[in-house]
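One structure is given below, encoded as structure tokens.
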Amino acid sequence: MSKDEVVLLDFGLSPFCMRVRIALAEKGVQYEAQEEDLFGGKSELLQKSNPIYEKVPVLLHNGKPILESTNIVYYIDETFASPTLLPACSYGRSRARFWADFIDKKVFDGGAAIWRSKGDKLELAKNEFIDILKKLEGALGDKDYLGGDKFGFLDIVLIGSSSWFPAYEKFGGFKIEDECPKIEAWIKRCKGRESVAKTLPVPQQVCELVGMLRKMHGIE
Amino acid sequence: MVTSNVKVLGAWPSPFVSRVRMALKVKSVDYELIEANPHEKTELLIKSNPVHKKIPVLFHGEKRICESLIIVQYIDEVWTDGPNILPSDPYDRAIARFWAAYIDEKWFPLFQLLRDAQGEERRAVVQKISEGLSLLEGAFVDCSKGKAFFGGNNVGYLDIALAGCVGWTRACDILLGAKFLDETKIPHLVGWVERLYSDSSVKDLMPDPHILIELYKKFRAMSEAASE
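Respectively, the protein sequence lines represent chains A and R.
Counted the way UniProt numbering counts, the first sequence spans residues 1 to 220.
Counted the way UniProt numbering counts, the second sequence spans residues 1 to 228.
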């Protein structure tokens, strides 16, 4: 049986790369992570594998590139056997895809609006972000996980993004546990999982990176 | 095959609604179209899609599914009697999903910019749309592997994703003289468009660009009157 070659073009603090690393860990897939220097110069392999966007993550499976983090997680789920990450039923899968799409469209940009803003714009950005989280809280309901009883695809998509929440809290001047306690509880629950605990960075590292990005954007 | 409890909330000119109707046609699923004005947030629309308040929405019994590409995937998974819409190979599926997302996130939104752009700005947007079509031409060559459609011998996911946009692309060619569908630059896509108009699954669901132009002019006149 030939061995699969799995390479991840990675950036440790990228919430999108975190999704892929968690998914691979959940499936027990052995892979090689190649850290990209996004600020110093992207590798030739990244530019060749993702010529349109030149972004991480890129998963190379036996040399074939798969792009866009949510797309990669779908691919991992469909290619590597167990455990299954998406729900079994078609309607459950459509709900998961819907909320993954919502997270992709809203969370990272909503958070960026916070750390890129000052004054009145910051207040507006903060309130819009809290509104986004409240919608996700609605999707969570009283369940342990976004997928239901067990940790799955949608949890993987959001938990990666949640690694940047401490930076949004710091620069936005709010606490998620006050505004969206169920989301805070869900984050803690997911962090109890080995794949998540080993992947998520300490909040300090993210806050330092975002502080650097703020300087680059002339915010401070 | 359950067919009587399927409804689509949508409007025929919408490229996103067209996708859903094409997918249902591929699977030979009967449905009721509930016409909705995309510019009017009715109570039904807000109740059906409270997060985005947009068409299309698919009702399947008590279930409601939103976002056109998600609906197409749902249709593919539920109605397994008919031809497959998504490729069966996971890598081919990943490629199809990638390009469909490119169409929705990067390429088709350029047409919104085109609406209000003038002069140099308009020329820049026209250039970007053409560049996008060149990328999609390359995608067609890779995905079709020499066959008639992105999906191979039959219309598939990526065909459906892009087919809904063809009417508006042709409308821009006519209205603006943009020459987007230029067979000297994108010969494979131009051939593909011609085949769409003969394919039984999609030909009757491709919005007529001349009617789209009339609709657009009417909408433009109403917006201008309202803002005065």
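Backbone N, C-alpha and C fix where the C-beta goes; we use that ideal spot for every residue, glycine too.
Report yes if the C-beta distance between residue i and residue j is below 8 Å; otherwise report no.
| i | j | result |
| --- | --- | --- |
| Arg193(A) | Phe165(A) | no |
| Ala171(R) | Pro109(R) | no |
| Gly151(R) | Leu158(R) | yes |
| Ser14(R) | Pro38(R) | yes |
| Ser163(A) | Met18(A) | yes |
| Gly172(A) | Lys105(A) | no |
| Trp79(R) | Phe140(R) | no |
| Asn50(A) | Leu67(A) | yes |
| Glu77(R) | Arg93(A) | yes |
| Ile65(R) | Tyr74(R) | yes |
| Ile34(R) | Leu58(R) | no |
| Arg21(A) | Trp115(A) | no |
| Ile52(A) | Leu24(R) | no |
| Ile95(R) | Glu137(R) | no |
| Lys3(A) | Ile76(A) | no |
| Gly147(A) | Pro87(A) | yes |
| Pro16(A) | Ser69(A) | For the record, residue 16(A) in the displayed sequence is Phe; it is not Pro. It is a contact, given that the beta carbons lie within the stated cut-off. |
| residue 237(R) | Val26(R) | In this structure chain R extends from 1 to 228, so residue 237(R) is not present and cannot be described. |
Whole angstroms is fine: what's the gap from residue i's alpha carbon to residue j's?
| i | j | result |
| --- | --- | --- |
| Asp10(A) | Glu120(R) | 39 Å |
| Ile55(R) | Asp30(R) | 19 Å |
| Trp99(R) | Cys143(R) | 10 Å |
| Ser200(R) | Met22(R) | 10 Å |
| Glu137(A) | Ser14(A) | 23 Å |
| Val2(R) | Ser28(R) | Any reading at Val2(R) must be qualified, since the residue scores a pLDDT of 48, below 50, and its modelled position is unreliable; the value itself is stated next. Val2(R) and Ser28(R): Cα-Cα distance of roughly 11 Å. |
| Met1(A) | Lys64(A) | Because Met1(A) carries a pLDDT of 43, less than 50, the predicted location of this residue cannot be relied on, and the following value inherits that uncertainty. Met1(A) and Lys64(A): Cα-Cα distance of roughly 19 Å. |
| Asp131(A) | Ser82(A) | 35 Å |
| Met222(R) | Leu212(R) | 15 Å |
| Lys48(A) | Ala113(A) | 31 Å |
| Tyr216(R) | Ala117(R) | 15 Å |
| Gly146(R) | Lys188(A) | 51 Å |
| Asp81(R) | Pro50(R) | 32 Å |
| Trp107(R) | Ala163(R) | 13 Å |
| Leu209(A) | Glu194(R) | 51 Å |
| Phe111(R) | Val190(R) | 19 Å |
| Tyr31(A) | Leu176(R) | 50 Å |
| Leu8(A) | Tyr102(R) | 21 Å |
| Asp104(R) | Glu32(R) | 26 Å |
| Ala96(A) | Gly41(A) | 35 Å |
| Lys118(A) | Ile219(A) | 8 Å |
| Val73(A) | Val29(A) | 12 Å |
| Leu133(A) | Asp173(R) | 42 Å |
| Ala148(R) | Leu205(R) | 19 Å |
| Pro57(A) | Leu85(A) | 19 Å |
| Tyr197(R) | Glu214(R) | 21 Å |
| Leu200(A) | Ala11(R) | 44 Å |
| Arg54(A) | Arg97(R) | Sequence inspection shows Glu at residue 54(A); the Arg mentioned does not correspond to that position. Distance between the alpha carbons of Glu54(A) and Arg97(R): 18 Å. |
| Glu224(R) | Ala197(A) | 55 Å |
| Leu124(A) | Glu179(A) | 15 Å |
| Leu69(R) | Val20(R) | 8 Å |
| Val206(A) | Met216(A) | 15 Å |
| Arg220(R) | Arg123(R) | 21 Å |
| Lys135(A) | Pro181(A) | 13 Å |
What runs of the beta strand (DSSP E), each 3 residues or longer, lie entirely inside the UniProt domain "GST N-terminal" (4-84) of chain A?
Complete beta strand (DSSP E) runs here, min 3: 6-10, 32-35, 58-61 and 64-67.
Curious, which full-length beta strand (DSSP E) runs of at least 3 residues does the stretch 22-66 of chain R contain?
32-35, 57-60 and 63-66
Would you check if the stretch 139-159 of chain A and the stretch 99-106 of chain A touch, i.e. whether three or more CB-CB distances between them fall below 8 Å?
yes
Check whether the stretch 77-91 of chain R touches the stretch 39-52 of chain R, counting contact only when three or more Cβ pairs, one atom from each stretch, lie closer than 8 Å.
no
Taking a Cβ distance cut-off of 9 Å, strictly less, list which residues of the stretch 90-121 of chain R are near chain A, in chain order.
Pro90, Tyr91, Arg93, Ala94, Ile95, Arg97, Phe98, Ala101, Tyr102, Glu105 and Lys106
Which residues, taken in chain order from the stretch 133-148 of chain R, show a beta carbon closer than 9 Å to some beta carbon of chain A?
Leu135
Taking the runs of the alpha helix (DSSP H) that are 4 residues or longer, which of them lie wholly in the UniProt domain "GST C-terminal" (89-209) of chain A?
90-115, 119-140, 153-162, 165-172, 176-179, 181-191 and 194-199
The stretch 66-92 of chain A: which residues have C-beta closer than 8 Å to a C-beta of chain R, in chain order?
Ile66, Leu67, Glu68, Asn71, Ile72, Tyr74, Tyr75, Glu78, Thr79, Ser90 and Tyr91
Return the residues of the stretch 36-65 of chain A that lie within a Cβ-Cβ distance of less than 8 Å from chain R, sorted by chain order.
Ile52, His61 and Lys64
Counting pairs of Cβ atoms below 8 Å between the stretch 121-140 of chain R and the stretch 168-183 of chain R, do you hit three or more?
Segments in contact, yes.
Looking at chain A, which residues of the stretch 70-89 of chain R have a Cβ within less than 8 Å of any of its Cβ atoms?
So the close ones are Ile70, Ile71, Gln73, Tyr74, Glu77 and Val78.
Mind checking the stretch 123-135 of chain A against chain R and listing, in chain order, the residues whose C-beta falls within less than 9 Å of any C-beta there?
Lys135
If contact means a Cβ-Cβ distance below 7 Å, which residues of the stretch 52-68 of chain R contact chain A?
Under the 7 Å Cβ criterion, the stretch 52-68 of chain R contributes Lys63, Ile65, Cys66 and Glu67.
In chain order, which alpha helix (DSSP H) runs of at least 4 residues are fully inside the UniProt domain "GST C-terminal" (89-219) of chain R?
Counting whole runs of 4 or more residues, the UniProt domain "GST C-terminal" (89-219) of chain R contains the alpha helix (DSSP H) stretches 90-102, 109-116, 119-144, 157-176 and 187-196.
Please list, in chain order, the residues of the stretch 138-162 of chain A that have any C-beta partner in chain R closer than 8 Å.
none
Chain R contacts from the stretch 16-34 of chain A (Cβ-Cβ distance under 9 Å)
So the list is empty, because no residue satisfies the distance condition.
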